[in-house]
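Counting from 1, position 114 in the sequence shown corresponds to residue 1277 in the numbering used here; the numbering is continuous, with no gaps. Using N, Cα and C, we set each Cβ at its ideal position, and we do this for glycine too. Some notes on the structure that comes next.
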Amino acid sequence: MATVTRIEDEPSLSIAVVPPLAWMAGGAALADLVVNRILVPLGRDTWSHDAFAGLDTWGAFARNLSAVSALVALSFCLASLSSGKSGLPISARAGIASFGWVLVPIVTLMTFLPRGMTRVELVLAVAGLAHALILLLILAGLHWRSTRATSAALVLTLVASFSGVMSMIVSLVGGRTYWEHTDRLANAFRWSGELAYLAVPLAVGLAVAIPWKEARGKAALVLSALVAGLVTIGMALWSHEVGPDLPDLLYGATRLDFLPDDDFVLYAIPLGIGWAVTVAAMLSKDPVDRQMGAALLLLLSAGYAPRSPSTLIITVLGVALLSRAGIALAQRRRER
């Protein structure tokens, strides 16, 4: 009698590959970070009106392109994770599909509507749906027993996401009730989440296998070191250019504010390491490693605890790719 194999037990090859338009979303999100959150605030008072208007136009294009391509890529992720081939329980697949397919059309509508027509209630609903979906995606990635480093990256991402949310909730509720410990508790949540966010690339770096003795591995090492150096030099030049305004500008770009104002330039160290790991993973032969590189590209470009719908959807896509990578690694280990 022939052996009957359940479709849930068959590994899905597509879950190990970066979905369509995910790379475009990552590149556009990086352009959005550089143009809208670094160059525009930096040159607001120094550039000519024509140059500033042109830069603002390109920034709007990058922001819209990142949101649209992220929505398409996230749709592919939702389809793969909701299918039986993902190996997830039906409850997990139903939860991901329910929250995901409600979030995608809402953010799509908000992307094409004028900002003046976007209500605060709708933004809050998107934030709630996005973080609920992030929780379900991370639990899906942890359902399969993946490598320890990948599981650590997923847990750190969960801590970063929900610490940011708890910080915002404590600030809102405590501010209305005039609770004396509001700032202290909100900062504790925020700073713990920020440390977890900065530690995610370190965990991914431990999960990525780069053949350092091969030509491709050596090229990845050289390019990673170059990227880390460029980030460090860029932070130093940025600090020299803006002086005491660096904390405010860096917070606007990445929403990081754990370090004291005088030591903000030290963010160049974890950010340089994070971008170096991203480049190394993107240059890997392994499609799963490349998917983790794409996830880091999205998470680092969106920044810590984003609040706008366009950057939230980038974060959700990054978490989805990280979850898919964890499932793919676990399936690979199970085959062996």
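The beta-carbon distance between tyrosine 1467 and threonine 1395, rounded to whole angstroms, is 19 Å. This is too long to meet the 8 Å contact definition.
Between serine 1229 and alanine 1192, the beta carbon gap of about 4 Å places them in contact (Cβ cut-off 8 Å).
Tyrosine 1430 sits in a helix when the DSSP states are folded into three classes. Three or more pairs of CB atoms, one per stretch, sit closer than 8 Å, so the segment 1234 to 1248 contacts the segment 1481 to 1492. If the five residues before and after serine 1473 are omitted, its C-beta is found closer than 6 Å to the C-beta atoms of Arg1226, Ala1230, all from its own chain and listed in chain order. Counting along the chain, arginine 1339 sits inside the alpha helix (DSSP H) bounded by residues 1311 to 1340. As summarised for the segment 1176 to 1242, the continuous alpha helix (DSSP H) elements at least 4 residues long and confined to that stretch are 1185 to 1197, 1203 to 1206, given in chain order. Leucine 1218 is not a Cβ neighbour of valine 1197, given a cutoff of 8 Å. Membership of lysine 1381 in the alpha helix (DSSP H) is indicated by the continuous run 1378 to 1405.
Straight-line spacing of the CA atoms in alanine 1188 and phenylalanine 1224 works out to 12 Å. Put simply, the backbone Cα of tyrosine 1360 is about 15 Å away from that of leucine 1475.
For aspartate 1420, the secondary structure class from DSSP, reduced to helix, strand or coil, is coil.
Going by C-alpha positions, leucine 1321 is about 28 Å away from glutamate 1498. Excluding five sequence positions before and after glycine 1304, the CB atoms of its chain that fall closer than 7 Å to its own CB belong to Leu1317, Leu1485, Ser1486, Gly1489, Ile1490, given in chain order. Under the three-state reduction of DSSP output, serine 1447 falls in the coil class, being neither helix nor strand.
Exposed is the label assigned to arginine 1347, since fewer than 16 other Cβ atoms lie within 10 Å of its Cβ. About 7 Å separates the beta carbon of leucine 1386 from that of leucine 1446, a gap short enough to meet the 8 Å contact definition.
The beta carbon of proline 1182 lies closer than 6 Å to those of Ala1236, Phe1239, Cys1240 in the same chain, with the five residues before and after it left out.
Annotation for tyrosine 1360: the continuous alpha helix (DSSP H) segment containing it runs 1345 to 1370. In chain order, Ala1316, Leu1319, Thr1320 place their CB closer than 6 Å to the CB of valine 1363, counting only its own chain and leaving out the 5 sequence neighbours on each side.
Apart from sequence neighbours up to five positions away, the residues of its chain that approach tryptophan 1186 with a beta-carbon distance below 7 Å are Ala1457, ordered along the chain. Here phenylalanine 1275 is exposed, its C-beta having fewer than 16 other C-beta atoms within 10 Å. When only Cα atoms are considered, arginine 1207 and phenylalanine 1215 end up about 7 Å apart. Membership of glycine 1466 in any alpha helix (DSSP H) is not indicated, and neither H nor E is assigned to it by DSSP. A direct Cα-to-Cα measurement between lysine 1376 and aspartate 1424 gives close to 42 Å.
About 7 Å separates the Cβ atoms of alanine 1431 and alanine 1399, confirming a contact at the 8 Å cut-off.
With distances taken between CA atoms, glutamine 1454 lies nearest to Ala1370 out of Ala1370, Ser1211, Arg1496.
Of the candidates Ala1378, Ser1330, Ala1323, Ala1323 places its Cα closest to the Cα of leucine 1358. Taking histidine 1294 as the centre and dropping the five residues before and after it, the same chain places the C-beta of Ser1324, Phe1325, Val1328 closer than 8 Å to its C-beta, in chain order.
Ranked by Cα distance from alanine 1391, the first of Pro1433, Arg1470, Ser1249, Leu1184 is Pro1433.
Between the alpha carbons of leucine 1460 and valine 1367 lies a distance of about 12 Å.
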